[in-house]
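Here the structure is laid out as structure tokens; the discussion comes afterwards.
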Amino acid sequence: MSSKNKVALTLPDGSVREYNGPVTGMTLANDIGPGLAKAALVIVVNGEQWDLSREIEKDSNVSIITNRDDEALEILRHDAAHILAEAVKELWPDTQVTIGPAIENGFYYDFARDKPFTPEDLERIEQRMKEIVERNEEIIRTEMPRDEAVKFFRDMGEDYKAEIIASIPSNEPITLYRQGDFIDLCRGPHLPSTKYLGSDTFKLMNVAGAYWRGDSNNEMLQRIYGTAWRTKKELNAYLTRIEEAEKRDHRKLGREMGLFHFQEEAQGSVFWHSKGFRVWIELERYIRARLREDGYNEVKTPQLMDSKLWEQSGHWGKFRENMFVVPDMVPNAEGEIEVPKDARMMALKPMNCPAHIQIFKQGIKSYRDLPIRMSEFGCCHRNEAHGALHGLMRVRQMTQDDAHIFCREDQIIDETKRFLRLFAQVYDDMGLSEIKYKLATRPEMRAGSDETWELAEKALAEALTASGLEFEYAEGEGAFYGPKLEFHLTDAIGRTWQCGTFQLDYVLPDRLDANYIGQDGERHRPVMLHRAVFGTFERFIGILIEHYAGRFPLWLAPIQVIVAGITSEQDDYVQSVFEKLQAAGLRAEIDLRNEKINYKIREHSHAKIPAIFVAGGREAENNTITVRRLGSNNQETLDLSDAINKLVTESIAPDKR
RNA sequence: GCCGCUAUAGCUCAGUGGUAGAGCGCACCCUUGGUAAGGGUGAGGCCGAGAGUCCGAUUCUCUCUAGCGGCACCA
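Take -2 as the starting number for the first sequence in our numbering and just add one per residue.
Here's what the structure looks like:
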């Protein structure tokens, strides 16, 4: 028991330091050693990050965060955001500040103002930030009573800040941070002064619009993004990393490799060129085989269906603005389009599920028939917002490797596990390992009872855990008809995309009146599991292009091998090699151009062709071939049949190995 | 859909109030060369679409369309 004034601080190594009264983190660090005092950034007091200048009044467990700790970077970036805000306020005092957190790789700050920031403004701001860093302004924490704080910010014309205070729970203190003349509402903690952020370790990246509080009903603010690091070296490494990553961008590679293109007349829909479509064909063959192995039966359902069905399914109500709707009519002889009032409305399917239920409903199903795993490479159309479209990742016409599993409630966990096994197999085959698993739970707007949701969410969590997968919850992100598992992959630029999905649905079978006869002779509702492994071919191929940086494994490569001759003397031999490669089922091309071998090698290497077969006089004479593989500067001369066999073996798809 | 930026040759990009240029690619010719660019010649553009200002617009202004970066929405 410590006396009233004494403060005992327990360090991570278990040692205890006693003080005769309140003590700051800075004092403690100084007492431990001058080296630590220099490196110290923030102190953790009973698990909570505190400023070094804040007085610790009670016995506590403490640890000191230095520049070397990962947490330091986040605090540094948060400081950078404040310095950004200070710079903007100095340059344009009328601009209102709102929020500015640290994010992955950097920070941002949202401002409210009429005039947009220009690139020149960004330069000025960055320059001013450097000045503020050099000023080495002390960052001072103060607490303020709630009412006073609201008035304080209102008087300054900072209405957003006043609004934020109102949303802070009443049991939490209102803290302000001052640096120079700039005062911001902030939870903290911050570093002792602005110079802790180096003047050459950060960079402003871009400006973008962002809604106040993330709500599209609110006004739009101007967000400035920046990146910040411990050292200039780290900053440069990051900038280089981004540059490198941009080279893998599937939109760039897709054009360079001639895989696909987009054009205005078909916004958001892909023109697949023959090379790109070869990847698709191979993937489709592969997943079809995997699905068949796993007990799925493939179907094909209509593209265009009466709006009545969509009304019944609930899509008309919930998904209407994303649906392409067409009247069931043709233009008159003059080509004019007049839609009669009573025209039947048809919709291009945005999903396959209602159609699959129609198939399920044909005939009477017994509990013995379940589960039924019904798959379809369904081509769907969704009228995505213009601003959402993004290369292959977000399109308006997409083909899913979709399937619906109709099952009894007692089969849910087994079916989930079974799906997770399939999923793991497929992603392993593709060499994709960095997958984020998320369990999306009940949203505010939802159908079904809480008990049902409780059960469904538990079932998914249990199946994930049983499959040994680590996951995080995405609260409130579930579909209105049920919770879902989301499988996220990251693209070259660091954005994450949901590919595979697994959703529980108690609602749709009910709305569309699907039932089966149970053991008890009564009718029961089946549970419907919506699931996709790739998600959509479009997005998945986009991810694969970036994942492989265009260097597809042999089984997926659009062109697997190119045969090139050294001189025109070997044209006949080269032609015969090419024919043998084709006969062996390989995707081969031939290069008889009047170019030097150096040139051909360079060009085909740039085109990311996995194998180049070179034939000169020696090869033609001995019936051999010299093989050069992508990524290697070595070459190897082999008997032609051996070389072909080797390639054939290597190009066997994972499902046939 | 919202905020901002961009749109010139197949690709990457210069450029100008007086209707355009480079490199790569492409075509033809010379060259027959052994593993990442051999040489020469040449053909390609309604300067995204529409309107306005001007004697004259690819250039300035406005509208539209598409793309890009975010936000919102979502596989």
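Cβ coordinates follow ideal geometry from the N, Cα and C atoms, glycine included.
Does DSSP classify M348 as helix, strand or coil? coil
Cutting at 8 Å between CB atoms, please list the residues of its own chain near N319, excluding the five before and the five after it. P347, R379, N380, E381
So E295 and S372 are in contact, right, with Cβ under 8 Å, and what is the actual spacing, rounded? 5 Å
Let me know the secondary structure DSSP gives S190 once reduced to three states. strand
Grab me the residues of D652's own chain with a C-beta within less than 6 Å of its C-beta, minus the 5 sequence neighbours each way, in chain order. Y283, A286, R287
May I ask you to report which of helix, strand or coil DSSP gives D10? coil
Just to confirm my understanding: we take V322, look at its own chain, exclude 5 residues before and 5 after, and list those with CB closer than 6 Å. What are they? M342, A344
Helix, strand or coil at S0 [DSSP, three-state]: For S0, the pLDDT reaches just 48, beneath the cut-off of 50, and the residue's location in the model is therefore unreliable, although a value from the coordinates is still provided. Here S0 sits in coil by DSSP.
Quick check on N598: does DSSP put it in helix, strand or coil? Reading the sequence as shown, one finds Ile at residue 598 and not Asn. Residue state, collapsed to three classes: helix.
Alpha carbons only, please: which of T139, S638, F484 is nearest the one belonging to Q176? T139
Do L486 and I540 come within 7 Å of each other at the CB atom, strictly closer than that value? yes
In whole angstroms, what is the alpha-carbon distance linking N64 and G491? 25 Å
Contact set for A34: own chain, Cβ-Cβ below 6 Å, skip 5 residues either direction: A26, N27
Closest to F357 by C-alpha separation, out of R522, E647, A340, L637, would be which residue? R522
For T24, three-class secondary structure by DSSP: helix
Which class does P324 belong to by DSSP, given the choice of helix, strand or coil? strand
Simplified DSSP assignment, three categories, for D303: strand
For the structure I just gave you, are there three or more beta carbon pairs, one from the segment 587 to 605 and one from the segment 635 to 650, closer than 8 Å? no
Just how far apart, CA to CA, sit R443 and I221? 36 Å
Using only the alpha-carbon positions, how far apart do Y235 and D67 sit? 16 Å
Excluding the 5 residues flanking Q46 on each side, which residues of the same chain have their C-beta closer than 8 Å to its C-beta? V39, I40, I62, E68, I72, G185, P186
Neighbour-count burial assignment, N595, 16 or more Cβ in a 10 Å radius: exposed
If we count the other Cβ atoms within 10 Å of its Cβ and call it buried at 16 or more, is S(-1) buried or exposed? Because S(-1) sits at a pLDDT of 43, beneath the cut-off of 50, its placement in the model cannot be relied upon, and the following sentence gives the value as read from the coordinates. S(-1) should be labelled exposed.
Near S638, which residues of its chain fall below 7 Å by C-beta distance, leaving aside the five closest residues on each side in sequence? none
P113 burial status per 10 Å Cβ neighbour count (16 or more: buried): exposed
Compare the Cα-Cα distances from M23 to each of E333, D510, P506, P189 and report the closest residue. P189
Residue span of the alpha helix (DSSP H) that contains Y235, given as start and end: 229 to 244
Taking the DSSP output, what are the residues bridged to A400? S372, R528
Does Q124 pass the burial test, meaning 16 or more other C-beta atoms within 10 Å, or should it be called exposed? exposed
For D588, which of helix, strand or coil comes out of DSSP? strand
Spell out a yes or no on whether the segment 416 to 434 and the segment 561 to 568 are touching, meaning 3 or more CB-CB pairs, one atom from each, closer than 8 Å. no
Whole-angstrom Cβ separation of V4 and D56, contact assumed at under 8 Å? 6 Å
Bridge-paired residues (DSSP) for I61: I40
Look at A529 and D426 and say whether their C-beta atoms are less than 7 Å apart. no
Name the DSSP bridge partner or partners of H378? Q394
Does V204 pass the burial test, meaning 16 or more other C-beta atoms within 10 Å, or should it be called exposed? buried
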